[in-house]
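Before any comments, here is the structure.
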Amino acid sequence: MNDIIKLDETNIISILHSGDTLKAAGKPFVKQIYLVDAHIAGTMYVDNIEELEPNLVVGKKLNFYREPENPHDKLAIVVKDDQGNKIGYVPRNKNEVLARLMDAGKLIYGTIHEKEYRDDWLNVSMQIYLDD
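Okay, so the sequence shown: first residue is 1 according to full-length UniProt numbering, each after it adds one.
Printed below as a string of structure tokens:
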């Protein structure tokens, strides 16, 4: 019990995204709810995107993290792979409701739907889900 009390925000987010802890805790009626399709914004600004691209396979889970201190968008949601590498952002035109759900404690995440290079830009489309 002491370990749970000592958890900080990063550890709690990691536990939520792992899924294993929640399954072990016995949350029997969790269902995956499809919300919306979107592309990952900002992949062109990720310095090592060429190195990350081979691991971005269709069906792979993408973790979302709120970034309320982002100077460009207070509703920003960072998209990371399962290794914690930043891939980009949920597009601004799709993030308002998602950010509010996340701020209310809901687990929102994505899965890679398709990807393709368009010239030197990696276009990754994802499907976004809510676990409820």
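C-beta atoms are modelled at their ideal positions from N, C-alpha and C, and glycine is treated no differently.
Residue(s) in a DSSP beta bridge with residue i
i	result
Asp-131	Gln-32, Leu-107
Gly-88	Val-79
Arg-118	Trp-121
Backbone secondary structure at residue i - three-state DSSP
i	result
Asn-123	strand
Leu-56	coil
Ile-40	coil
Leu-74	Before going on, a small fix: residue 74 reads as Lys here, not Leu. Three-state result, Lys-74: coil.
Straight-line gap, residue i to residue j (C-alpha atoms, nearest Å)
i	j	result
Leu-52	Gly-110	17 Å
Phe-64	Pro-54	20 Å
Asp-81	Lys-61	7 Å
Glu-96	Leu-56	25 Å
Ile-77	Gln-127	15 Å
Neighbour-count burial assignment, residue i, 16 or more Cβ in a 10 Å radius
i	result
Tyr-45	exposed
Tyr-89	buried
Val-124	buried
Glu-116	exposed
Val-58	exposed
Range covered by the beta strand (DSSP E) that runs through residue i
i	result
Arg-66	61–66
Lys-94	Where Lys-94 is concerned, there is no enclosing beta strand (DSSP E), given that its DSSP letter is neither H nor E.
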